[in-house]
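One line per chain: the protein sequences are W and C, in this order.
Quick note on numbering: the numbering used here labels position 262 of the first sequence as 290, and the sequence is numbered without any gaps.
Quick note on numbering: the numbering used here labels position 182 of the second sequence as 196, and the sequence is numbered without any gaps.
Comments concern the structure below.
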Amino acid sequence: MSTVTLPGRARSTGRNRPRPLQAFAHRWRTKGLVWRGVVVVVIVVMLVWSLAPIYWMIATSLKTSAQVALPNPTLYPHPATVSNYGGLFSGPFPFGSFLENSVVTSVITSVITVVLSALAGYSFSRGRYLFRGPLTYAVLATQMLPLAVLLVPLYLEFLNLHLLNSDVGLVIGYCSFSLPFGAWLMKGFIDGIPIEIENAARVDGSSQFFVFLRVTLPLAGAGLVTTAVFVFINTWNNLLYPLTLVNQLSKQTLPPGLLLSFTGQFKTDWGGMMAAAFLTTVPLAVAFFAIQRFLVRGLTAGALAGV
Amino acid sequence: MASVTITEVMKKFGDEPVLQHCNLQVDDGEFVVLVGASGSGKTTLLRIVAGLEELTDGQVMIGDRVVNDVDVKDRNIAMVFQNYALYPHMNVYDNMAFGLRRQHTPKVEIAERVTSAAKILGIEHLVKRKPKQLSGGQRQRVALGRAIVRQPSVFLMDEPLSNLDAHLRAEMRGEILKLHRRLAATFIFVTHDQVEALTMGDRIAVMSDGKILQVGTPDDLYQRPVNRFVGGFIGAPAMGFITCDVVTVGDGVVLRNASAEVYLPPERAALVAQRATGPVSVGLRPDYLRLCGDGGPAGSGTVLRGIVEVVEPLGADQHVMVRVGDASLTAKLPRSDRLQIDDKVTLTVTDDVGVHVFDSASGDALS
Numbered sequence: 029m030s031t032v033t034l035p036g037r038a039r040s041t042g043r044n045r046p047r048p049l050q051a052f053a054h055r056w057r058t059k060g061l062v063w064r065g066v067v068v069v070v071i072v073v074m075l076v077w078s079l080a081p082i083y084w085m086i087a088t089s090l091k092t093s094a095q096v097a098l099p100n101p102t103l104y105p106h107p108a109t110v111s112n113y114g115g116l117f118s119g120p121f122p123f124g125s126f127l128e129n130s131v132v133t134s135v136i137t138s139v140i141t142v143v144l145s146a147l148a149g150y151s152f153s154r155g156r157y158l159f160r161g162p163l164t165y166a167v168l169a170t171q172m173l174p175l176a177v178l179l180v181p182l183y184l185e186f187l188n189l190h191l192l193n194s195d196v197g198l199v200i201g202y203c204s205f206s207l208p209f210g211a212w213l214m215k216g217f218i219d220g221i222p223i224e225i226e227n228a229a230r231v232d233g234s235s236q237f238f239v240f241l242r243v244t245l246p247l248a249g250a251g252l253v254t255t256a257v258f259v260f261i262n263t264w265n266n267l268l269y270p271l272t273l274v275n276q277l278s279k280q281t282l283p284p285g286l287l288l289s290f291t292g293q294f295k296t297d298w299g300g301m302m303a304a305a306f307l308t309t310v311p312l313a314v315a316f317f318a319i320q321r322f323l324v325r326g327l328t329a330g331a332l333a334g335v
Numbered sequence: 015m016a017s018v019t020i021t022e023v024m025k026k027f028g029d030e031p032v033l034q035h036c037n038l039q040v041d042d043g044e045f046v047v048l049v050g051a052s053g054s055g056k057t058t059l060l061r062i063v064a065g066l067e068e069l070t071d072g073q074v075m076i077g078d079r080v081v082n083d084v085d086v087k088d089r090n091i092a093m094v095f096q097n098y099a100l101y102p103h104m105n106v107y108d109n110m111a112f113g114l115r116r117q118h119t120p121k122v123e124i125a126e127r128v129t130s131a132a133k134i135l136g137i138e139h140l141v142k143r144k145p146k147q148l149s150g151g152q153r154q155r156v157a158l159g160r161a162i163v164r165q166p167s168v169f170l171m172d173e174p175l176s177n178l179d180a181h182l183r184a185e186m187r188g189e190i191l192k193l194h195r196r197l198a199a200t201f202i203f204v205t206h207d208q209v210e211a212l213t214m215g216d217r218i219a220v221m222s223d224g225k226i227l228q229v230g231t232p233d234d235l236y237q238r239p240v241n242r243f244v245g246g247f248i249g250a251p252a253m254g255f256i257t258c259d260v261v262t263v264g265d266g267v268v269l270r271n272a273s274a275e276v277y278l279p280p281e282r283a284a285l286v287a288q289r290a291t292g293p294v295s296v297g298l299r300p301d302y303l304r305l306c307g308d309g310g311p312a313g314s315g316t317v318l319r320g321i322v323e324v325v326e327p328l329g330a331d332q333h334v335m336v337r338v339g340d341a342s343l344t345a346k347l348p349r350s351d352r353l354q355i356d357d358k359v360t361l362t363v364t365d366d367v368g369v370h371v372f373d374s375a376s377g378d379a380l381s
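So, in structure tokens, the structure goes:
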């Protein structure tokens, strides 16, 4: 599970929100050449460090089996081939099923988690009931358990309920770890919304649930997006749960599907695996770039700003 | 419109009492100000009337209806919050129309009421804007507009002017008073600023430590404070206090310490002598202190000997802080009294209405 900084209660207005990019640009203009040179070198090293595996994945996916197996591998494919990509859909492994299972389970888990987390987070943040505090921390405590600890009891329950090898089972399994995380994330975002706004809506004649729907949720939009993205990424990348709870290859999601399809006792199809890995990464990257504005705002909202 | 009756209201947060035996009657159409220092319980009392806070004991009535168990949405009140609490994702029009839509008011009527309120408040050109595109004063007007469009039984205002600068605050004070006259509605207004309280309230309730200490007109509170706290809280600059013994001199009574002799009219002096059980706290209004002329104290014969500590010029007047014994008094003097720090001065009192005597231990008024 990814770790993120949960938003706190701090509030600020847009006017006093720090602008790191502007601050950096100002320092860039006022500092000397040596400082600028060091910054450039550090940035380049960090970029190479981060992007090299991605480049290697793409390069390998475009190489033939012979090029991949060279004792001194080349930096780039020569000649380049797309046969590995073609092989994904025409080969013996059900890559299309893997993709479909991943999309279905990740999207459904994200939707369920966002809806239930928003309700739970609102309750933890605004509710006035006995044992609210202990209950809130009990939910957090479930995050202290390693995912693997839940697996055996989940497996046995799913066996009895005939939920093994099913998307429903996987979604329930994913929710076991995404819901506590989402509830806490949403609690943090809702804590950051001034309660006076909700009080104003109550005085204006609204029920508590109407206030939640029409005032709190729109203001916690960044939190909803952040929760959805983190849950989607975590479930999309999850290997352990489908590997344990699903034992039919056609029912697998992408991570275990790739592992089982392209690695064998005597041979690993690195080209095919990298092509599949690249296609697996694309939806995540597209989703991430599409909503990064919300994501960044969401993560900074808790630390610095309110509404 | 409706009256508000608060009877023996108590509120505890855990074991901590924050309101104790609060009683207040706000008549229909009256403008009552709750004033007190931070933590005095005035906002909590207002929130109890609104229904945003549950009371531990007591009763709140709006009109003839006991509202203890009535949900906030059903109390037909409007509230203006300290930080405006506008809905940031809605434009000004939607902010003001929100409550009316909840009441299922027809669209045409909503448009009429919002337009009319926006006109009254001078914000008709801002109705398409979001709150973040407005200045503090404009936001304040929107918050007021949101309250008045609903035509509620009671207006509750929780320090609505505290986030405005001094100039705008004075302007908005006038706007709210005009609004009150126009609507003839019941207003309960919370503030920690006694100038706001004195200038706006038909009556003022002074609160401290969760208790309502005194309810009265601004003149009542200024001229007849029931205890030392009210005397010190109401009036600017604040009343100064010196501790004196009650000494009988011949047929009369004088309040005296090493640096001061304070004389009262015979009937008030007799009352003090009768009620005092030890040293008394003498409160002196800065507006009634003057420098003694060469001919000694005029009128009452009161003298206060001290040393000038601070001089604050204010155009035609000046506030002069004078150390008298171990106490510090502020005198509002004409600027023509040329004073320097460390000058030795003798003050007197021009009118005995500027002198109040309180019990040193309990703080209760003795005269």
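For glycine and all other residues, C-beta sits at the position ideal for the given N, C-alpha and C.
Since this is a predicted model, take the numbers as computed values, not measurements.
For V70 of chain W, the closest Cβ of chain C is not nearer than 7 Å. Here the stretch 286-304 of chain W makes contact with the stretch 80-96 of chain W; the two share three or more CB pairs at distances below 8 Å. Between the stretch 173-191 of chain W and the stretch 199-207 of chain W there are three or more inter-stretch CB-CB distances shorter than 8 Å, so the stretches are counted as touching. For M75 of chain C, the closest C-alpha among the options C:G50, C:G55, C:D41 is that of C:D41. Listed by position along chain W, the residues whose Cβ is nearer than 7 Å to that of M221 of chain C form an empty set, because the closest Cβ is around 21 Å away. Under DSSP, H35 of chain C takes part in no beta bridge, so it has no partner. By a beta-carbon distance limit of 8 Å, A99 of chain C does not contact A256 of chain W. Their separation comes to about 28 Å. Residues of the stretch 110-122 of chain C with a C-beta atom less than 7 Å from some C-beta of chain W are F112, G113, R116, Q117, listed in chain order. In the displayed model, C203 of chain W falls within a helix according to three-state DSSP. M85 of chain W and L273 of chain W have their C-alpha atoms roughly 28 Å apart.
For L66 of chain C, the C-beta contacts it makes with chain W under 8 Å involve N227, R230, V231, in order along the chain. Judged by their CB atoms, A180 of chain C and V94 of chain C are not nearer to each other than the 7 Å cut-off. In the structure shown, the three-state DSSP call for E67 of chain C is coil. Runs of the alpha helix (DSSP H) lying entirely within the stretch 126-197 of chain W and spanning at least 4 residues, in chain order: 160-169, 175-189.
What P162 of chain W touches in chain C, judged by beta-carbon distance under 8 Å, is nothing: the nearest beta carbon there is about 17 Å away. Residues of the stretch 81-92 of chain C with a C-beta atom less than 7 Å from some C-beta of chain W are V86, K87, I91, A92, listed in chain order. Counted as a single uninterrupted DSSP element, the alpha helix (DSSP H) harbouring A184 of chain C occupies residues 180-197. Between G149 of chain W and A250 of chain W, the C-beta gap is not smaller than 7 Å, which leaves the two residues out of contact. The contact set of P81 of chain W on chain C, defined by CB atoms closer than 7 Å, is empty, because the minimum CB distance reaches about 41 Å. With 16 or more other Cβ atoms from the protein chains shown falling within 10 Å of its own Cβ, F186 of chain W counts as buried. P101 of chain W and Q95 of chain W have their alpha carbons spaced roughly 7 Å apart. Cβ atoms of S167 of chain C and A16 of chain C come within 8 Å of each other, at about 4 Å. Note that the C-beta distance between S54 of chain C and S222 of chain C is below 7 Å. A check of alpha carbon separations from L277 of chain W across W:A53, W:R55, W:S125 identifies W:S125 as the nearest.
For L247 of chain W, the chain C residues whose C-beta falls within less than 9 Å of its own C-beta are Y101, P102, H103, listed in chain order. For S89 of chain W, the three-state secondary structure derived from DSSP is helix. For Y101 of chain C, the secondary structure class from DSSP, reduced to helix, strand or coil, is coil. Here S130 of chain W is not near V259 of chain W, since their CB atoms are 7 Å or more apart.
For K146 of chain C, the three-state secondary structure derived from DSSP is helix. Contact between the stretch 328-335 of chain C and the stretch 275-288 of chain C is absent: fewer than three C-beta pairs spanning the two stretches fall below 8 Å. Between I190 of chain C and L140 of chain C, the alpha-carbon positions lie close to 19 Å from each other. Here E323 of chain C carries a strand assignment [DSSP, helix/strand/coil].
Residue state for N109 of chain C is assigned as helix, using DSSP reduced to three classes. Note on geometry: alpha-carbon atoms of D219 of chain W and L247 of chain W lie some 11 Å from one another. A residue is called buried when at least 16 other Cβ atoms come within 10 angstroms of its Cβ; T296 of chain W does not meet this threshold and is exposed.
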